[in-house]
Amino acid sequence: MDTKELVQWIRTLYLHNNIKAFYMNIIWRVPRSEVLKDQHNECQMCKSRGLVEPATMVHHIKYLKYHPELAIEKDNLMALCSECHWLVHHHIVVKKQLNEERW
Ligand SMILES: [Zn+2]
Ligand SMILES: [Zn+2]
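The numbers in numbering that gives the first Met the number 0 rise by one with no breaks, and the one at position 38 of the sequence shown is 37.
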């Protein structure tokens with residue numbers, strides 16, 4: 000499947016409310032597991048705050064829905080824990096939290 004076909008397939012899946020078919024497909028599973036491996040199964044957002052949290056998912060930095068052409072581009076993928084993933088999708092920016100408990 001080339002990029003053009005991939006984009007068309009993803010658009011069709013969104014139209015039919017069936018994007019989970021993409022997430023189940025080998026086309027996604029392979030780059031997903033490679034990204035997890037490359038990023039040491041660590042949540043990259045927690046890591047940027049000096050924390051170590053196992054990643055449970057791979058996020059599309061530019062959203063799949065709007066950038067299906069980047070669906071399997073590793074530069075567009077980021078390993079995250081479920082909490083950070085939720086925050087990202089709700090546009091909540093987490094500031095540095097270390098040493099914040101000062102009185
Ligand atoms: Zn995290
Ligand atoms: Zn995501």
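For each residue, glycine too, the CB sits at the ideal point set by N, CA and C.
Alpha carbon to alpha carbon, how far is I25 from L69? Give it in angstroms, no decimals. 16 Å
Can V87 be considered in contact with ligand 2, in the sense that its beta carbon sits closer than 7 Å to one or more heavy atoms? At least one heavy atom of ligand 2 is found less than 7 Å from the C-beta of V87.
I need the residues with a C-beta less than 6 Å from some heavy atom of ligand 1; please give them in chain order. C42, M44, C45, E52, L79, C80, E82, C83
Any idea what DSSP makes of A54, helix, strand or coil? A54: coil per DSSP, three-state reduction.
Other residues of its chain near I18: CB distance less than 6 Å, five sequence neighbours each side excluded: L12
Taking E33 as the reference, give the member of V92, V6, W85, L76 with the closest Cα. L76
I'd like to know if the segment 81-89 and the segment 53-64 are in contact, where contact means that at least 3 CB-CB pairs between them fall below 8 Å. yes
Collapsed DSSP secondary structure at A20 in the structure displayed: helix
Following a CB-centred definition, is H39 positioned closer than 7 Å to any heavy atom of ligand 2? no
Go ahead and label H84 buried or exposed: buried means 16 or more other beta carbons lie within 10 angstroms of its beta carbon, across all protein chains shown. buried
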